[in-house]
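Some notes on the structure that comes next.
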Amino acid sequence: MKIYVDADACPVKDVVCNEAYTRSIPVIMVVSMAHNIYPAEGMDVIRVDSSFQAVDMAIVNAAVSGDIVVTSDFGLASIVLGKGARAISPSGRVFSERNIDTLLEKRHSAARQRRGGGRVKGPKARKKVNDDFFRNNLIRLIEEGVLRNVQP
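Note that the sequence shown covers residues 1 to 152 in my numbering.
This is the structure in C-alpha cells:
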C-alpha cells in the first residue's frame, strides 16, 4: 500500500505524512514544477511538468490496486477507483463506485453553468474540524486496506 497525493494546493499534506509515517506507509507527493515541496522521511516527491493533467496522469500511471489517492479531482478519483485503488478528498469525502457518478455529473453541470456565464460557489473556508474528519476517514481507509491483507 502506498498513498499518492495530488499535492498541488493540497491542504492536508502534513496530516497524510503524519498518519502514514506512524504506520510505515510510503507517501508519494506528485506536484507540478510550479510548486515546491521538499521530501521528508517516508515521503517521495515526483515532479512533473506544468502541462494540463500532468499530475493526474502521473498518479494514474503509478497507482495500483490497494493504494490510496488523495485528490479533490473527481475525474482522477474515478479513474483510480477503476484500477482498484481507493480515493479520498482533502475534505475527507471517500470516493466510491456508489457516489462517483453523481459527483462527476455535478462537476459537469457546474462547468456548463460557468461556460454560460453563471457563477458556482467555491468551497467554504477550511477549519480544524475538516482536518479531523479527513484524518479519521484516511485512518479508516488505511485500516480497511490492512484488513484486506494489503501490505504497507
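C-beta atoms are modelled at their ideal positions from N, C-alpha and C, and glycine is treated no differently.
From this set, the options, which residue's C-alpha is nearest residue i's C-alpha?
i	options	result
valine 5	Leu141, Thr71, Val129 and Ala54	Thr71
isoleucine 100	Pro11, Ala77, Gly118 and Ile25	Ala77
arginine 47	Ala58, Val31, Asn36 and Asn137	Val31
isoleucine 142	Ala9, Pro26 and Asp56	Pro26
serine 91	Ala125, His35 and Met29	Ala125
arginine 98	Gly116, Leu81, Arg112 and Pro39	Leu81
asparagine 136	Pro123, Ile79, Ser89 and Lys106	Ser89
valine 146	Cys10, Asn36, Ser24 and Phe134	Ser24
tyrosine 153	Val64, Asp8, Ser65 and Phe133	The requested residue 153 does not occur in the structure, where the chain is confined to residues 1 to 152.
aspartate 132	Val12, Arg119, Ile3 and Leu104	Val12
methionine 1	Ala54, Arg86 and Gly122	Arg86
serine 10	Lys106, Glu144, Val69 and Thr102	Note on residue identity: the sequence assigns cysteine, not serine, to residue 10. When each option's Cα is compared against that of cysteine 10, the closest is Val69.
alanine 111	Phe74, Glu144 and Phe95	Phe74
Pull the bridge partners of residue i from the DSSP assignment, please.
i	result
leucine 68	Note on identity: in this sequence residue 68 is isoleucine, with leucine being the wrong assignment. Per DSSP, Ile3 and Arg86.
valine 146	According to DSSP, which records beta bridges pairwise, valine 146 is partnered with nothing at all.
phenylalanine 95	Ala87
valine 27	Ile3 and Met43
Classify residue i: buried if its beta carbon has 16 or more other beta carbons within 10 angstroms, exposed otherwise.
i	result
alanine 34	exposed
isoleucine 52	Checking the sequence shown, residue 52 turns out to be phenylalanine, not isoleucine. Label assigned to phenylalanine 52: exposed.
valine 64	exposed
aspartate 67	buried
glutamine 129	Contrary to the premise, residue 129 reads as valine rather than glutamine in this sequence. Label assigned to valine 129: exposed.
aspartate 49	exposed
isoleucine 139	exposed
alanine 58	buried
alanine 20	buried
Report task. Could you tell me whether the stretch 11–19 touches the stretch 36–50, using the rule of 3 or more Cβ pairs below 8 Å? Result -> The stretch 11–19 makes contact with the stretch 36–50, as at least three CB pairs between them are under 8 Å.
Report task. Identify every run of the alpha helix (DSSP H) within the stretch 29–65, keeping only runs that are complete inside it and at least 4 residues long; order them along the chain. Result -> Counting whole runs of 4 or more residues, the stretch 29–65 contains the alpha helix (DSSP H) stretches 54–62.
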